[in-house]
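Heads up: the sequence lines are chains A and B, in that order.
Here the first sequence is numbered in this note's numbering, starting from 335 and rising by one per residue.
Here the second sequence is numbered in this note's numbering, starting from 21 and rising by one per residue.
Heads up, the beta-carbon is just placed ideally off N, CA and C, and yes, glycines get one too.
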Amino acid sequence: DTGVSQNPRHKITKRGQNVTFRCDPISEHNRLYWYRQTLGQGPEFLTYFQNEAQLEKSRLLSDRFSAERPKGSFSTLEIQRTEQGDSAMYLCASSLGRHTEAFFGQGTRLTVV
Amino acid sequence: AQKVTQAQTEISVVEKEDVTLDCVYETRDTTYYLFWYKQPPSGELVFLIRRNSFDEQNEISGRYSWNFQKSTSSFNFTITASQVVDSAVYFCALSEGEVGGSQGNLIFGKGTKLSVKP
């Protein structure tokens, strides 16, 4: 297994456009997390899936954000009507258990111009 | 409320020096988990260690060691004989237990940027 994979690595989009990111977790991990990281800050939790069920969403996740994990495998994070404030690194992580170590992907860096 | 504080924003050392990165946490849970991650310039967070709140034993792994003290709510990280490859941003993180309702998501500090110069 090559670890957690995220695509694309970089995305530049115009304000108002929609963007979608993909995350492929480690295959045997049933837990999947999305985080957002801005410059000079630690990652902030956005949402969590156990298998295909989205079980928790942060208040950071506005109505413009939606995430899915069909069939409990890969996950997608979509941002609609992007704003400049959405510019950040979006990180995906997966883990085996509730408090076991999470393995992170390399992230998708979003720039909204 | 749960919180992780890494007061040192940036540290610069010369190779072979020892360096300690501080981490102070806040939680009302009696069961919780503490982590350290390394983020090199490539951006991927690399897991270093996980500790549960019932295990206060210090841990050593090669040049890395961790000091967990519940009395001061601290979980500090020391690198002995630092090397240039240790240059990265280091994050301390907290995951609360059942009472906090955590699903295992991590609460991160703001990170400490370590620069090791040759």
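Here B/Ala27 is exposed. Its C-beta has fewer than 16 other C-beta atoms within 10 Å. Per DSSP, B/Val105 lies in no beta strand (DSSP E) segment and is marked neither H nor E. Pairing A/Thr354 with B/Thr98, the inter-Cα distance amounts to about 39 Å. Taking each of B/Ser32, B/Thr29, B/Tyr45 and B/Pro61 in turn and checking the Cα distance to A/Met423, the smallest one comes out for B/Pro61. Of the candidates A/Thr347, A/His344, A/Thr416 and A/Cys357, the residue whose Cα lies closest to the Cα of A/Thr336 is A/Cys357.
By alpha-carbon distance to B/Lys58, the top candidate from B/Arg70, B/Arg48 and B/Thr51 is B/Arg70. Considering only B/Gly63, B/Lys137 and B/Leu65, the residue with the shortest C-alpha distance to B/Ser102 is B/Lys137.
A check of alpha carbon separations from B/Gly131 across B/Gly82, B/Ala21 and B/Ala113 identifies B/Ala113 as the nearest.
One Cα belongs to B/Asp38, the other to A/Asn341, and the distance between them is close to 38 Å. Counting other Cβ atoms within 10 Å of its Cβ, A/Gly350 stays below 16 and is therefore classed as exposed. Secondary structure of B/Gln59 (DSSP, three-state): strand. Fewer than three Cβ pairs drawn from the region 420-439 of chain A and the region 39-46 of chain B lie within less than 8 Å of each other, which leaves the two stretches out of contact.
Apart from sequence neighbours up to five positions away, the residues of its chain that approach B/Val109 with a beta-carbon distance below 6 Å are Gln59, Gly131 and Lys133, ordered along the chain. Any Cβ of chain A closer than 8 Å to the Cβ of B/Phe128 would place that residue at the interface, and such an atom is present. Residues of the region 59-71 of chain B with a C-beta less than 7 Å from any C-beta of chain A: Ser62, Gly63, Glu64, Leu65, Phe67 and Arg70, listed in chain order.
At a cut-off of 8 Å between beta carbons, A/Gln440 contacts chain B. In chain order, Gly124 make up the part of chain B whose C-beta sits under 8 Å from the C-beta of A/Ser429.
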